[in-house]
Amino acid sequence: MGMELKGIAGAVTAVTGFEKGSGKTTFLNLALPYAREAGPVAAFTIGVDGSLKAREAGVTVPEIRVEPGDVVLTTEPFARASSARFEVLETLPGRTALGRLLVGRAVRAGSITLVGPEHFSLLADVIDQVRREGWAHSVLVDGAVNRITQVSALGDVRFAFTVRVDRANLAKASARIRALAELAELPLEIHPAAGVHRVDGPLTAETLKTLPEGTQALSVEDFTKFFLDPSELTRALERYRITVRRAFELLCFAITLRDVSRSEFLLAAGPRAGARLLFNPYEVGSGEARP
721 MGMELKGIAG AVTAVTGFEK GSGKTTFLNL ALPYAREAGP VAAFTIGVDG
771 SLKAREAGVT VPEIRVEPGD VVLTTEPFAR ASSARFEVLE TLPGRTALGR
821 LLVGRAVRAG SITLVGPEHF SLLADVIDQV RREGWAHSVL VDGAVNRITQ
871 VSALGDVRFA FTVRVDRANL AKASARIRAL AELAELPLEI HPAAGVHRVD
921 GPLTAETLKT LPEGTQALSV EDFTKFFLDP SELTRALERY RITVRRAFEL
971 LCFAITLRDV SRSEFLLAAG PRAGARLLFN PYEVGSGEAR P
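Here the sequence shown stands for residues 721 to 1011, numbered as in our numbering.
Here it is in C-alpha coordinates:
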(Lines of atoms letter the chains of each structure in order from A and count residues from 1; the text may use other names and numbers.)
(Lines give C-alpha, C1' and ligand atoms only; values in the text may rest on other atoms or scores of the structure.)
Protein backbone atom coordinates (compact mmCIF):
# COMPACT_ATOMS: atom_id res chain seq x y z
CA MET A 1 0.00 0.00 0.00
CA GLY A 2 2.90 2.35 0.69
CA MET A 3 3.87 2.62 -2.99
CA GLU A 4 0.36 3.68 -4.02
CA LEU A 5 0.20 6.34 -1.30
CA LYS A 6 3.76 7.69 -1.42
CA GLY A 7 2.59 10.76 -3.37
CA ILE A 8 0.28 11.95 -0.59
CA ALA A 9 3.00 13.21 1.75
CA GLY A 10 3.68 16.91 1.19
CA ALA A 11 0.93 17.38 -1.41
CA VAL A 12 -2.68 18.48 -1.76
CA THR A 13 -4.73 15.37 -2.54
CA ALA A 14 -8.42 15.28 -3.43
CA VAL A 15 -10.16 12.07 -2.39
CA THR A 16 -13.19 11.62 -4.59
CA GLY A 17 -15.81 8.88 -4.55
CA PHE A 18 -17.75 7.60 -7.52
CA GLU A 19 -20.87 7.61 -5.34
CA LYS A 20 -22.01 7.85 -1.73
CA GLY A 21 -20.70 5.09 0.49
CA SER A 22 -17.70 4.44 -1.74
CA GLY A 23 -15.22 4.33 1.16
CA LYS A 24 -13.79 7.86 1.19
CA THR A 25 -13.63 8.12 4.97
CA THR A 26 -12.03 4.68 5.27
CA PHE A 27 -9.45 5.67 2.67
CA LEU A 28 -8.73 8.98 4.41
CA ASN A 29 -8.04 7.16 7.66
CA LEU A 30 -5.74 4.72 5.87
CA ALA A 31 -3.94 7.56 4.08
CA LEU A 32 -3.37 9.85 7.08
CA PRO A 33 -0.35 7.95 8.49
CA TYR A 34 1.39 8.15 5.09
CA ALA A 35 0.67 11.87 4.83
CA ARG A 36 2.08 12.42 8.32
CA GLU A 37 5.49 11.21 7.12
CA ALA A 38 6.00 14.75 5.78
CA GLY A 39 4.75 16.42 8.97
CA PRO A 40 1.36 17.68 10.17
CA VAL A 41 -1.67 16.95 7.98
CA ALA A 42 -4.77 19.03 7.22
CA ALA A 43 -8.03 17.15 6.55
CA PHE A 44 -10.80 19.15 4.92
CA THR A 45 -14.06 18.51 3.13
CA ILE A 46 -16.12 20.33 0.53
CA GLY A 47 -19.46 21.16 2.07
CA VAL A 48 -20.68 18.78 4.79
CA ASP A 49 -18.90 15.50 5.45
CA GLY A 50 -21.12 12.77 4.04
CA SER A 51 -20.82 10.80 7.26
CA LEU A 52 -22.86 13.48 9.04
CA LYS A 53 -25.80 12.98 6.71
CA ALA A 54 -25.48 9.22 7.07
CA ARG A 55 -25.55 9.46 10.87
CA GLU A 56 -28.66 11.60 10.68
CA ALA A 57 -30.27 8.74 8.76
CA GLY A 58 -29.27 6.28 11.49
CA VAL A 59 -26.39 4.66 9.59
CA THR A 60 -23.17 3.81 11.45
CA VAL A 61 -20.18 5.25 9.60
CA PRO A 62 -16.51 5.88 10.40
CA GLU A 63 -15.20 9.29 11.40
CA ILE A 64 -11.88 10.89 10.62
CA ARG A 65 -9.32 9.91 13.26
CA VAL A 66 -6.87 12.73 14.03
CA GLU A 67 -3.61 12.76 15.96
CA PRO A 68 -1.95 15.68 17.79
CA GLY A 69 -0.72 18.24 15.27
CA ASP A 70 -3.34 17.42 12.61
CA VAL A 71 -5.40 20.36 11.34
CA VAL A 72 -9.10 20.15 10.51
CA LEU A 73 -11.92 22.36 9.29
CA THR A 74 -15.10 21.86 11.30
CA THR A 75 -17.61 23.82 13.37
CA GLU A 76 -17.51 24.92 16.99
CA PRO A 77 -20.27 22.46 18.08
CA PHE A 78 -18.54 19.50 16.42
CA ALA A 79 -15.17 20.47 17.84
CA ARG A 80 -16.67 20.57 21.35
CA ALA A 81 -18.44 17.22 20.85
CA SER A 82 -15.34 15.50 19.45
CA SER A 83 -13.34 12.97 21.44
CA ALA A 84 -10.30 14.94 20.26
CA ARG A 85 -9.35 18.36 21.60
CA PHE A 86 -8.42 21.30 19.41
CA GLU A 87 -6.53 24.55 19.54
CA VAL A 88 -8.38 27.12 17.44
CA LEU A 89 -6.05 28.52 14.78
CA GLU A 90 -8.57 30.58 12.84
CA THR A 91 -12.28 31.34 12.95
CA LEU A 92 -13.84 31.79 9.52
CA PRO A 93 -16.19 34.69 8.76
CA GLY A 94 -19.93 34.11 8.74
CA ARG A 95 -21.91 31.14 10.01
CA THR A 96 -23.30 27.93 8.58
CA ALA A 97 -26.44 26.04 9.55
CA LEU A 98 -24.15 23.79 11.62
CA GLY A 99 -22.39 26.61 13.44
CA ARG A 100 -19.34 28.82 12.96
CA LEU A 101 -16.52 27.26 10.96
CA LEU A 102 -13.07 27.07 12.47
CA VAL A 103 -9.63 25.78 11.62
CA GLY A 104 -8.43 23.71 14.57
CA ARG A 105 -5.21 21.90 15.43
CA ALA A 106 -5.58 18.69 17.42
CA VAL A 107 -3.86 18.64 20.81
CA ARG A 108 -5.39 15.29 21.75
CA ALA A 109 -6.17 12.36 19.47
CA GLY A 110 -9.75 11.45 18.67
CA SER A 111 -12.44 11.38 16.02
CA ILE A 112 -14.01 14.40 14.34
CA THR A 113 -16.70 15.23 11.80
CA LEU A 114 -15.38 17.44 9.01
CA VAL A 115 -17.47 20.38 7.83
CA GLY A 116 -16.46 22.60 4.95
CA PRO A 117 -17.58 26.01 3.67
CA GLU A 118 -20.46 26.28 1.25
CA HIS A 119 -18.37 28.33 -1.16
CA PHE A 120 -15.38 26.69 -2.76
CA SER A 121 -13.33 29.90 -2.88
CA LEU A 122 -13.27 30.00 0.93
CA LEU A 123 -11.88 26.47 1.09
CA ALA A 124 -9.15 27.46 -1.38
CA ASP A 125 -8.26 30.43 0.83
CA VAL A 126 -8.04 28.19 3.91
CA ILE A 127 -5.76 25.73 2.15
CA ASP A 128 -3.52 28.58 1.01
CA GLN A 129 -3.34 29.92 4.57
CA VAL A 130 -2.62 26.53 6.11
CA ARG A 131 0.30 25.95 3.77
CA ARG A 132 1.55 29.54 3.95
CA GLU A 133 1.56 29.53 7.77
CA GLY A 134 3.19 26.10 7.88
CA TRP A 135 0.34 24.63 9.92
CA ALA A 136 0.34 21.50 7.74
CA HIS A 137 2.62 20.02 5.09
CA SER A 138 0.02 17.75 3.47
CA VAL A 139 -3.65 18.41 2.74
CA LEU A 140 -6.36 15.79 2.17
CA VAL A 141 -9.64 17.08 0.73
CA ASP A 142 -12.76 14.94 0.83
CA GLY A 143 -14.48 16.00 -2.38
CA ALA A 144 -17.64 14.83 -4.14
CA VAL A 145 -17.20 13.52 -7.69
CA ASN A 146 -19.44 16.28 -9.08
CA ARG A 147 -16.98 18.88 -7.75
CA ILE A 148 -13.70 17.70 -9.24
CA THR A 149 -13.74 20.58 -11.73
CA GLN A 150 -13.83 22.98 -8.78
CA VAL A 151 -11.13 21.01 -6.94
CA SER A 152 -8.86 21.38 -9.95
CA ALA A 153 -8.89 25.13 -9.35
CA LEU A 154 -6.70 24.56 -6.29
CA GLY A 155 -3.72 24.18 -8.63
CA ASP A 156 -1.26 21.34 -8.20
CA VAL A 157 -3.70 18.73 -6.89
CA ARG A 158 -3.36 14.96 -6.89
CA PHE A 159 -6.41 12.75 -7.12
CA ALA A 160 -7.43 9.48 -5.50
CA PHE A 161 -10.76 7.88 -6.41
CA THR A 162 -12.64 5.55 -4.09
CA VAL A 163 -14.88 2.97 -5.71
CA ARG A 164 -17.27 0.40 -4.26
CA VAL A 165 -17.71 -2.49 -6.67
CA ASP A 166 -20.40 -5.13 -6.42
CA ARG A 167 -22.04 -7.55 -8.82
CA ALA A 168 -24.61 -5.01 -9.99
CA ASN A 169 -22.19 -2.20 -10.91
CA LEU A 170 -19.10 -4.20 -11.94
CA ALA A 171 -19.35 -3.37 -15.65
CA LYS A 172 -20.20 0.33 -15.14
CA ALA A 173 -17.55 0.94 -12.45
CA SER A 174 -14.87 -0.86 -14.46
CA ALA A 175 -15.66 1.23 -17.53
CA ARG A 176 -15.33 4.47 -15.54
CA ILE A 177 -12.03 3.32 -14.05
CA ARG A 178 -10.65 2.46 -17.49
CA ALA A 179 -11.74 5.87 -18.80
CA LEU A 180 -10.08 7.77 -15.95
CA ALA A 181 -6.89 5.75 -16.36
CA GLU A 182 -6.86 6.74 -20.04
CA LEU A 183 -7.38 10.41 -19.19
CA ALA A 184 -4.57 10.34 -16.63
CA GLU A 185 -2.14 9.27 -19.36
CA LEU A 186 -3.04 11.89 -21.97
CA PRO A 187 0.06 13.72 -23.28
CA LEU A 188 0.83 17.13 -21.79
CA GLU A 189 1.20 20.01 -24.24
CA ILE A 190 1.14 23.33 -22.44
CA HIS A 191 1.35 25.21 -25.72
CA PRO A 192 -0.50 23.26 -28.43
CA ALA A 193 1.08 23.11 -31.86
CA ALA A 194 -0.37 24.90 -34.87
CA GLY A 195 -3.37 23.10 -36.28
CA VAL A 196 -4.51 21.71 -32.95
CA HIS A 197 -8.05 22.74 -32.06
CA ARG A 198 -8.11 24.34 -28.61
CA VAL A 199 -11.14 23.49 -26.45
CA ASP A 200 -11.85 26.12 -23.80
CA GLY A 201 -14.25 24.79 -21.22
CA PRO A 202 -15.77 21.32 -20.98
CA LEU A 203 -15.44 18.72 -23.70
CA THR A 204 -18.89 17.21 -24.19
CA ALA A 205 -20.56 15.06 -26.81
CA GLU A 206 -22.19 18.23 -28.18
CA THR A 207 -18.79 19.95 -28.39
CA LEU A 208 -17.47 17.08 -30.49
CA LYS A 209 -20.39 17.43 -32.91
CA THR A 210 -19.58 21.09 -33.56
CA LEU A 211 -15.84 20.74 -34.21
CA PRO A 212 -14.60 22.28 -37.46
CA GLU A 213 -14.49 19.90 -40.38
CA GLY A 214 -11.10 18.26 -40.75
CA THR A 215 -10.14 18.54 -37.06
CA GLN A 216 -7.60 15.86 -36.20
CA ALA A 217 -6.16 17.00 -32.86
CA LEU A 218 -7.68 18.54 -29.73
CA SER A 219 -6.21 20.40 -26.76
CA VAL A 220 -8.27 20.28 -23.53
CA GLU A 221 -7.41 22.17 -20.34
CA ASP A 222 -7.19 19.10 -18.08
CA PHE A 223 -8.84 15.76 -17.39
CA THR A 224 -11.56 17.28 -15.18
CA LYS A 225 -12.98 19.03 -18.27
CA PHE A 226 -13.97 15.77 -19.98
CA PHE A 227 -17.73 15.29 -19.71
CA LEU A 228 -17.97 12.15 -21.83
CA ASP A 229 -19.21 8.74 -20.87
CA PRO A 230 -16.68 5.89 -21.31
CA SER A 231 -17.94 4.86 -24.74
CA GLU A 232 -17.91 8.46 -26.00
CA LEU A 233 -14.37 8.91 -24.69
CA THR A 234 -13.20 5.74 -26.42
CA ARG A 235 -14.58 6.93 -29.76
CA ALA A 236 -13.03 10.38 -29.29
CA LEU A 237 -9.60 8.93 -28.52
CA GLU A 238 -9.81 6.71 -31.59
CA ARG A 239 -10.74 9.63 -33.84
CA TYR A 240 -8.60 12.48 -32.49
CA ARG A 241 -5.17 13.02 -31.00
CA ILE A 242 -6.04 14.60 -27.65
CA THR A 243 -3.63 16.41 -25.32
CA VAL A 244 -4.07 18.40 -22.11
CA ARG A 245 -2.60 21.78 -21.21
CA ARG A 246 -2.36 20.98 -17.51
CA ALA A 247 -1.64 17.59 -15.95
CA PHE A 248 -2.89 16.22 -12.65
CA GLU A 249 -1.45 13.14 -11.02
CA LEU A 250 -3.81 10.24 -10.49
CA LEU A 251 -2.48 8.45 -7.41
CA CYS A 252 -4.79 5.48 -7.24
CA PHE A 253 -8.20 3.92 -7.34
CA ALA A 254 -9.06 2.68 -3.84
CA ILE A 255 -11.31 -0.31 -4.45
CA THR A 256 -13.76 -1.95 -2.06
CA LEU A 257 -15.15 -5.21 -3.43
CA ARG A 258 -18.46 -6.72 -2.38
CA ASP A 259 -19.19 -10.26 -3.62
CA VAL A 260 -16.73 -9.82 -6.49
CA SER A 261 -13.33 -11.53 -6.47
CA ARG A 262 -10.15 -9.59 -7.14
CA SER A 263 -9.34 -11.70 -10.20
CA GLU A 264 -12.80 -11.03 -11.66
CA PHE A 265 -12.48 -7.32 -11.04
CA LEU A 266 -8.95 -7.11 -12.46
CA LEU A 267 -10.13 -8.77 -15.66
CA ALA A 268 -12.97 -6.24 -15.99
CA ALA A 269 -10.82 -3.20 -15.13
CA GLY A 270 -8.10 -4.06 -17.64
CA PRO A 271 -4.30 -3.81 -17.53
CA ARG A 272 -4.04 -0.01 -17.88
CA ALA A 273 -5.73 0.56 -14.52
CA GLY A 274 -4.01 -2.35 -12.78
CA ALA A 275 -0.94 -0.43 -11.63
CA ARG A 276 -3.12 2.23 -9.96
CA LEU A 277 -5.35 -0.09 -7.91
CA LEU A 278 -5.30 -0.17 -4.14
CA PHE A 279 -7.60 -2.73 -2.55
CA ASN A 280 -9.39 -1.98 0.71
CA PRO A 281 -8.00 -4.34 3.40
CA TYR A 282 -11.49 -4.64 4.91
CA GLU A 283 -13.25 -5.84 1.77
CA VAL A 284 -15.28 -9.01 1.62
CA GLY A 285 -14.97 -10.61 -1.78
CA SER A 286 -16.76 -13.49 -3.43
CA GLY A 287 -16.05 -16.57 -1.39
CA GLU A 288 -13.36 -14.87 0.70
CA ALA A 289 -13.23 -12.91 3.94
CA ARG A 290 -10.66 -10.36 4.99
CA PRO A 291 -9.99 -8.90 8.42
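Virtual Cβ for every residue (Gly too), placed ideally from N, Cα, C. Quick caveat: nothing in here was measured; it's all calculated off a predicted structure.
Check                                                                                                                                                                                                     : Outcome
Which value, in whole angstroms, describes the spacing of the CA atoms of Thr736 and Lys744?                                                                                                              : 7 Å
Using 8 Å as the cut-off, can you tell me whether the segment 788–801 makes contact with the segment 876–891, which would need three or more C-beta pairs spanning the two stretches below that distance? : no
Consult DSSP for Thr930 and reduce its assignment to one of helix, strand or coil.                                                                                                                        : coil
What's the gap between the Cα of Phe968 and the Cα of Glu941?                                                                                                                                             : 11 Å
Is the Cβ-Cβ distance between Ala755 and Leu860 less than 8 Å?                                                                                                                                            : yes
Return the residue from the list His911, Arg825, Val786 that minimises the CA-CA distance to Ile832.                                                                                                      : Val786
Mind checking Thr944: buried by the 16 CB within 10 Å criterion, or exposed?                                                                                                                              : buried
Put Gly915 into one of helix, strand or coil per three-state DSSP.                                                                                                                                        : coil
Taking a contact to mean a Cβ-Cβ separation below 8 Å, would you say Pro797 touches Leu812 in this structure?                                                                                             : no
With DSSP run on the structure shown, which of helix, strand or coil describes Ile847?                                                                                                                    : helix
Measuring straight from C-alpha to C-alpha, what distance separates Leu906 and Ala995?                                                                                                                    : 16 Å
Can you say whether Val827 is buried or exposed, counting buried as having 16 or more other CB atoms within 10 angstroms of its CB?                                                                       : exposed
To which residues does DSSP link Ile728 through a beta bridge?                                                                                                                                            : DSSP output for Ile728 lists no bridge partner at all.
Rounded to the nearest angstrom, how far is the Cβ of Leu998 from that of Ile962, given a contact under 8 Å?                                                                                              : Actually they do not touch by this definition, with Cβ atoms about 27 Å apart.
In whole angstroms, what separates the C-alpha of Asp920 from that of Phe946?                                                                                                                             : 11 Å
Hey, Val980 and Leu900 are a contact pair by Cβ (cut 8 Å); roughly how many whole angstroms apart?                                                                                                        : Val980 to Leu900, Cβ: 19 Å. No contact.
Relative to the C-alpha of Cys972, which candidate in Thr927, Ile897, Ala888, Leu908 has its C-alpha closest?                                                                                             : Ile897
Is the distance from the Cβ of His911 to the Cβ of Gly730 below 8 Å?                                                                                                                                      : no
On the CB-based measure, 16 or more other CB atoms within 10 Å of its CB, does Pro932 come out buried or exposed?                                                                                         : exposed
Taking the straight line between their C-alpha atoms, what separation do you get for Ala989 and Glu902?                                                                                                   : 12 Å
Can you name, in chain order, every residue of its own chain whose Cβ lies under 6 Å from the Cβ of Ala751, other than the five neighbours on each side?                                                  : Leu725, Ile728
Within this structure, are the beta carbons of Asp862 and Leu953 separated by less than 8 Å?                                                                                                              : no
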